[in-house]
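Have a look at the structure below, then the notes.
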Amino acid sequence: MDDKVCLEKNLNTSHELCTVEADAIGEIPCFTFRRIAPLPLNKLAAYLGQSMTGLAMLSFHQPGTYAIYLDVNNHFDPKLIIRDNQNQLSLFTINQEPNGYFWLLLEDIEHAFRTIDHLIRFYMHFRQPLKVPNGDAVFLKRAAVNVRLQFEMCVEHCKKISDLSYFYRAGQLDNVLSRLVCSGDYLLYEDASNQFGCRLYVKWDGNVKEIKPALHNGRLALPVGCSQQHVETVQSFDHWIKALVVGNLDIDNVQLTRPVRVCSDDGPIEFICAAPGQCPPPKLLYQLPYYHGQLKRDAVKLLLNNAGDFLLYMDESDLKLAVGEQSDHGNNDTSYCETTVECSADGYFYLTPVDMPLCKTTVGELINAYKRLAVPITIQKFGENSFTLPALQRGVVRKDINDEIVLEPCNNPSELSYYYGRMSDDDTMKLLRENGDYLLRSNAKGELSVTATWAECLFDIVVEKEKLKGDAYVYKLKKDNANEPDEFVSTVDEWVKSLLLIWQLKTLTDRLLELNKKITVEHVYPAINGKTEIADDDLPTLWKTLPSLALPDGAHNHDADFVYFHLPDLSNPNSTVYGVSYVRQIAAKDLREKSNDITRSTVQKSICAVSSSPLYGLLMPKLESISKVYFEQGDFKQTELLAEMYHNINATIDSTTLCGQQPNFGLSVRELLHTYRHRTLMLFKLVLLEKRIFFNISPVGSLCSNILALISLFPRMIDFGMSHSASYSPLLEDSNLKSDEMNSSKEDNDNSLPLNTSNDDNDDDGSGGDGGGGEQTSECKRNSENRHLSNNTIATELPLDAYGFPLAIFTKGSVLHPYLSLPYMDWLESDHVRAYVVGFTNTLFKQKKELFDAMITIDEENGIDIEIPDVRLRRLLVLSAADLRFIDGVLKTAFQDDSSISQFTKWEGGDEWIRFQFSQYLISLLLTAASDDTSYYDDFNAAFVHSYKTTHNFLLWYSGGFHKQMNFPAGHICHGQLNLADFKLRFTHTIESSDQARKLQHALNTTGNFVNQTGKAVGGIFRNIFNHLTSSSTERSNTP
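So the sequence shown is residues 1 to 1040, counted in the UniProt record's numbering.
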C-alpha cells in the first residue's frame, strides 16, 4: 500500500442496515447481534506482539483479563494468557489448521474461525468457558492493558531529542541498524549535519529506510485528509512519530509500529512502568470521532439534539472548518450556533481572537483544551453585539463509525448494498459526491474493485482473492510482519469492512501523492517576477483558480480536449482576459524522460494561452498543433517550444485581426441551431432576461463552444461585449471607470505554458468609452431574488455602434464564464453576482438547485434537457407564432440541403447570415419594447416584453436614445395572421419540448384539410386552440 485516501462511508443502493444471523458453522457462529467486521491480530487491543512467556505474564494483573502474544521461544506460535478468579494464570496455544482455521481446545474444535478476532469474540460473547488443567472454568472478560504498547504509543516527556528512549548516539551505524528486526521497527540516529539533529530509520519489507519529515511554519507537518484542510503540526519529533503510530498512517510507503529502545530489546518491565510524563499523541482531524467531513448546515442542526452537543464539520458552502454547537438559552430554549476554526499565519488554530492563548497546532488539541478547561466561546460579529456560547461538552460521534463496519447478510458480492456492477467512471463520479465515499464495482477485466472519491478524483483498489479447493475463495487480512499467522475472511464485505476498521482501506495504491498534489503551473512565459518555473504562491491572487480552469474536471476521460475560460484582468479586476487551453494525455511509457512525480500509467497536461482579446477560434488550433509537437518530443522539461509559440502568435495576430469576423472564428452557430432547433431562440431570449443560467455538457470543448456560439448571436458581443464579464466589484468601479479606455494599438499578451498560464502584464483593449450613453438611475435586481446591486448607476463602458450594440448584458455583476471549476461554486452566491451564464462539468453544480434559474443539460442518454423550475419564467419563454415563423425560416434556410456551408461567407444559411437574422430580430424586439404601442407585444410574447423592459441591458440601451435614431418601424419582423403553418409550427415546437403534444399529432393530420378550407370562419376558435396549446405545454413541462 503506497498512499492514503480517507474512505468514510460506502454508497448503499439501499440504505437499510439489517440485523441478521449468520448461518455458517465454521465461518462465523450464529450471533444474535449484528455481525461486525473482524480486526487482524496486530490491531487487537489484547495483542502484545512478539514476546517471551515470562514477560507476557507480567503485562496484566486483573482477574478475568487476557492477552495474546507471539511466543518467540516457540516458533512464534500465537498464545492466549488468561488470569482466572483464583488469580492464577493459564496459558493456551491458539492452534491453526492447514486450511487456515483457528481453534483453542480440541473439545471446541467445531468452533473454528479464520480470524483470531472472531475466535476471541465467540468465547467472550457466549461466555464459552475455557477449561484449565485443574478443572476450573475460565471466562474471557476483558483485554489486558498492554503496558509496552501504551509506552510505545505515548509521547515521552523529554526536553531534548537525545533523551528519547529510542535515540542512538553516533557510532557504528551498521550495528545500530541491525537492531531493526521486524517491519515497523524504528529508531533515531544522531546526525549533527541534519537539520533535525538526527535521522529516522525504519525497517520495512526487509529493508531499512530513512524517513524525512516535512516542515510547515518551522514545525513538523502531519498528513492532511483533504486539500481544503489546513496543515496540522507538532513541535517535537516524538509527537510526530507517535501520531503516525497511533493513527496507523503511512509515511513514505511505510508504517511505524514499534520503537527499538537503547536498552535491551525487551527491557525490564519496571523501566516501562517508570517512564515519566507520558501523554497520548495528537489525533489528526479526520481521525477525530466527532469530525463529520463535509456537511450542510441543515444537516448539522439535525445531529445536535441537546445543549452542549458539538461536532466538527467542513461547511459545504465555503469549505471552511467549523464547530457546530447546540446552545442553551434557558427555559428549554436551545438554538444552533457555529464558529469557524481559524488558522493563523504561523499555523496555530483558534476559535476566537479573544481565546488566542488557547491556540494549538492541531484541531484535536484545540477542542480538548476548550473541553478540559470548560471555556465558553465568545463571538463578536461585525456591527453586532458579542454573545457567548456555553463550553463544549459532548462530541457527537459519527454514526458511520459504527454502522459502516456492520456486515451485510450475503455471501455473493453482487448482493451487497454498495455493489453497482459494471459502471463507467462518469457514472461512478455522479454517485460518489463527497470525499471518502466508496462503492464496489466490476472493472473492464471483470475484477472486483473498491472505488473511492477524493479531491474530485476516482481511485480504485482491486479486491485480491485466493482460491481454495473447489470454487471457494478467501480474502487475506493485512499483517504487520511475517511471523504473524495468516488470517482470512470469507466474504468481500468482511475484507472491505475490516480494512475500513483499521483505516487500511484509506491506503489505496499510488494515491496520496497525487491527491495532495494539486493541479499546478509548471512553466510560464513571459516570466512572472523574473521566474518561468513558478510555484502556486507565485500566481497572482486574482488568478489562483487558473490551474483548475486550464485542466478541467472530466478531461481525463478524453485523449484530447480544449477549454475556454475567463479571468479578471490583473490591472483592472472589473475587466476580462480570455483563456484558451488545450489538454492532452500521453501514456507514461511513451515519455523519453520521466520525472519522479510521474507515478501513474498516463500523464495529462495542458498548454494554455491568456489573451487580452477573445480569439478563441484563432488560438485553439495553434495550441492544438503546438501541444502535439510538445507531447511527441517526450520530454516536458524542453519548454523552448512554448516561448517560440508565444512570439509566433504575437507576430501573426495584429490589430487588423481583431476586427471584422475574426473573434467569431470557430464558433459555429449552424451547429448550435442543429443541436437546439427551435429552442435556440428560446435560449437567446433567456440570455436577454439576465437570469442565472447553467450549462452542463461534456466534453468541456463542446460545452464552451455551445455557450460562446449562443453568445455570438448577439451583435458585437464576442468582440466587445464581454470585457466586463469575468467579475464585478463596485468598490473598484469609480476609480477605474475612466482610466480603462479601449486602446486598439496595444499588443496582445498571449502567454503559453504547460498546464496553466499566468501573466501580470495583460493589457485590456476591450474597454472603451461611453459610446454616447447617458446616465439614469435604476434599481438593478438580482434575478429571482430581487436583491439590490451595490452600485445602481446605469452607465456603459462598452464601445457601442449606431444601434447601441453590444448590449450591456454582461456588466454590473452579470458574468459570463464558458467554463467554471468547483472552487467558483461559492463565488456564484456573492452579493456582487446577480446573473450569469456559466458552464460546468462537475456534477456537484447540479445539486445546487438554488443557484440556477435555468439549467441546460446534454448527454447521450437523455439528449437535451432544459430545466426551468419557476413556472413564471417558463411562461415568459414561450415562443409566439411570429417567433416560431422566424426561427423556422432560419432553420429551413440554414439546412436547406446537406452540403456544408463555410463559416465566413455571405450567402444564405451561413454562420454570418444566421447572425444577421438574429441581429434583425433583436432590433425589432428592442424597438417594440421601446414603443408606446403595446399591440405589437404579443408577437414577442407580451409577458416576455414586459419583463425584458426591466432588465439592466434594456434600460441602459433605452437611456442612450438609440430607438430615436433608428428609421425602423416597431413590430416583429415575421408579423402576420395565424394560419395552418403556425399551427403546425406550434405542434412541432411543443413535441420537441413535451411528450404531451405527441398524442395530438394524429388529430392534426386528419383535420388539417378541414381547417384549411374553413379559414376565417373558425378563426376565433383556431386562436383559442393555439393559445390553449401554448399554455398547457408550459404548465406540463419543465422545458419550454
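Note that CB positions come from ideal geometry on N, CA and C, so glycine has one too.
The three-state secondary structure of Phe349, taken from DSSP, is strand. The three-state secondary structure of Thr233, taken from DSSP, is strand. Between Ile607 and Ser575, the CB-CB gap reaches or exceeds 7 Å. Counting only runs of 4 or more residues that sit fully inside the region 701-733, the alpha helix (DSSP H) segments are 717-720, in chain order. Note that the region 798-810 touches the region 702-718; at least 3 beta-carbon pairs, one per stretch, sit closer than 8 Å. Here Ala37 really is in contact with Leu407; their C-beta atoms are around 6 Å apart, less than 8 Å. C-alpha of Glu850 to C-alpha of Leu828: approximately 11 Å in a straight line. The beta carbon of Ile251 sits closer than 7 Å to the beta carbons of Ile211, Leu244 from its chain, once the five residues preceding and following it are set aside; these are given in chain order. In terms of Cβ geometry, Phe310 and Leu431 do not form a close pair [threshold 7 Å]. Residue ranges of uninterrupted beta strand (DSSP E) with 3 or more members, entirely inside the region 72-108 and ordered along the chain, are 77-83, 89-93. For a cut-off of 8 Å, the C-beta gap from Gln585 to Asp559 is around 6 Å, short enough to register as a contact. For Ala369, DSSP records no beta bridge to any residue. Nearest in C-alpha terms to His216, of all of His230, Lys209, Trp204, is His230. The C-alpha of Ser705 is placed about 12 Å away from the C-alpha of Arg670. When Cβ pairs closer than 8 Å are counted between the two stretches, the region 182-199 is seen to touch the region 158-166, the count reaching three or more. With respect to the 7 Å criterion, Leu688 and Tyr948 are classified as neighbours on the basis of their beta carbons. The bridge partners DSSP lists for Leu215 are Leu220.
Cβ neighbours of Leu891 within its own chain (closer than 8 Å, five residues either side excluded): Leu673, Arg677, His678. DSSP lists Phe310 as the bridge partner or partners of Gly395. For Thr675, the three-state secondary structure derived from DSSP is helix.
The region 65-84 makes contact with the region 93-108: 3 or more CB pairs, one atom from each, lie closer than 8 Å. Beta-bridge pairing by DSSP links Lys476 to Phe488. Taking every protein chain shown into account, the CB of Phe565 has 16 or more other CB atoms within 10 angstroms, so this residue is buried.
Linking Val945 to Ile697 through their CA atoms gives a straight-line distance of about 30 Å.
Contact between the region 820-827 and the region 520-533 is absent: fewer than three C-beta pairs spanning the two stretches fall below 8 Å. Of the residues Leu304, Val489, Phe694, Lys371, the one whose Cα lies closest to the Cα of Arg398 is Leu304.
Pairing Arg875 with Tyr420, the inter-Cα distance amounts to about 40 Å. In this structure, Leu615 is the residue among Phe694, Leu686, Leu615 with its C-alpha nearest to the C-alpha of Gly666. Between Phe968 and Leu927, the CB-CB gap stays under 7 Å. Excluding residues up to 5 positions away in sequence, His817, Leu820 lie with their Cβ nearer than 6 Å to the Cβ of Val838 in the same chain. Bounds of any alpha helix (DSSP H) do not take in Asn696; it lies within the beta strand (DSSP E) bounded by 692-697. DSSP places Met682 in the helix class (H, G or I) of the three-state scheme. Under the criterion of beta carbons closer than 8 Å, Leu321 and Leu312 qualify as touching, at roughly 7 Å.
Per DSSP, the continuous alpha helix (DSSP H) segment holding Gln965 begins and ends at 962-965.
Taking the Cα positions, Tyr475 is about 25 Å away from Leu48.
Leaving aside the five residues that flank Asp84 on each side, the residues in its chain whose CB is nearer than 8 Å to its CB run, in chain order, Pro63, Gly64, Ser90, Val132, Asp136, Val138.
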